[in-house]
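Under the working numbering, the residues of the sequence shown are numbered -10 to 61, in order.
Input: a single structure, listed below in structure tokens.
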Amino acid sequence: MADQILTAPVHQRRGLGSAVMGALQQQALAAGATRTVLGASPQGRALYESLGWRTHTAFVSLRRVAGPTESF
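Here it is in structure tokens:
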């Protein structure tokens, strides 16, 4: 599983993101994956769509921070 992969701004728009995604997709196929899930930022959407990914549903991520009287 890959998580929170990004390309530093100085290296963007040079094909690195496409190369990394291609390698990850090949690894998933080699491991027998038949379905994949991609959680992407709005900034990454154009890249993923250019690689054949399509939006299936909106994804929302939430985080709760413990207050002063509670802990997690």
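Note that the Cβ used here is the ideal one computed from N, Cα and C, for glycine as well.
Among the options, the one whose alpha carbon lies nearest that of residue i
i	options	result
residue 22	-4, -10 and 48	-10
residue 46	26, 55, 33 and 54	26
residue 122	56, 43 and -1	What is shown of the chain runs -10 to 61, which leaves residue 122 out entirely.
residue 48	34, 56 and -1	34
As assigned by DSSP and simplified to three states, the class of residue i
i	result
residue 55	coil
residue 49	coil
residue 41	coil
residue 29	coil
residue 21	coil
residue 10	helix
residue -3	coil
residue 2	coil
Residue i and residue j closer than 8 angstroms at C-beta
i	j	result
residue 11	residue -4	no
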